[in-house]
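Colleague: Be aware that the sequence shown starts at 28, since it is given in our numbering, and climbs by one per residue.
For each residue, glycine too, the CB sits at the ideal point set by N, CA and C.
Sharing a structure below in structure tokens format, with a few things to ask.
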Amino acid sequence: MDQPYSGGCACGDIRYNISDEPIFMNDCQCRDCQRMSGTGHGSYLTFPSKTKVNLFGEATRFDMAGDSGNRKTGGFCPRCGSPVYLTFEAMPELFTVHAGSLDDPSRFKPQVVTYASRGYSWDHLDPSLPKFEKMPSA
């Protein structure tokens, strides 16, 4: 790895440094991601181990139930409201960041579109990306 992945919220109260490579990068068109992003999809980088994440600042967290019924938790800045990360009850070792929270968003290279069945015609994503109706299995 050349350099850690770093980023945070818009006001800088929450920051992270991740000394690992992402195992999955996706655009997700599920309703939760649409609501969190305020647009047609969310864009994410998922890292394999929370132990390689240095998180600074205190996020406000909220829980939602995924299609599987498992809980996912969103972390956002209580001051500026920026969404920063997600964690998953069923996969507690993973740590997912919003691509827009990266200091260098050009490092985001989406591999797939998930929940394409919930996408809208006005939300134009890279047509060359593989599309999954839901979340692909591991």
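Is the CB-CB distance between Phe122 and Lys77 below 8 Å?
Modeller: yes
Colleague: Grouping DSSP H, G and I as helix and E and B as strand, with all else coil, what is Gly39?
Modeller: Gly39: coil per DSSP, three-state reduction.
Colleague: Are Arg19 and Cys36 close, meaning C-beta to C-beta below 8 Å?
Modeller: Summary: the structure shown does not reach residue 19, with the chain confined to residues 28 through 165, and so no result is reported for it.
Colleague: Locate the beta strand (DSSP E) running through Pro153, then write down its first and last residues.
Modeller: The displayed chain sequence assigns Asp, not Pro, to residue 153. Asp153 -> no beta strand (DSSP E), and no H or E assigned at all.
Colleague: I need the boundaries of the alpha helix (DSSP H) containing Asp59, first residue and last residue.
Modeller: Arg58 to Ser64
Colleague: In whole angstroms, what is the alpha-carbon distance linking Val111 and Phe103?
Modeller: 5 Å
Colleague: Which residue's Cα is closest to the Cα of Ser128: Gly34, Pro137 and Gln30?
Modeller: Gly34
Colleague: Does the Cβ of His125 have 16 or more other Cβ atoms within 10 Å, making it buried, or fewer, making it exposed?
Modeller: buried
Colleague: Would the beta-carbon of Pro137 fall within 8 Å of that of Met63?
Modeller: no
Colleague: Work out the CA separation of Thr66 and Ser164 for me, nearest whole Å.
Modeller: 25 Å
Colleague: Taking a contact to mean a Cβ-Cβ separation below 8 Å, would you say Tyr142 touches Leu82 in this structure?
Modeller: No, these two residues do not count as a Cβ contact at 8 Å.
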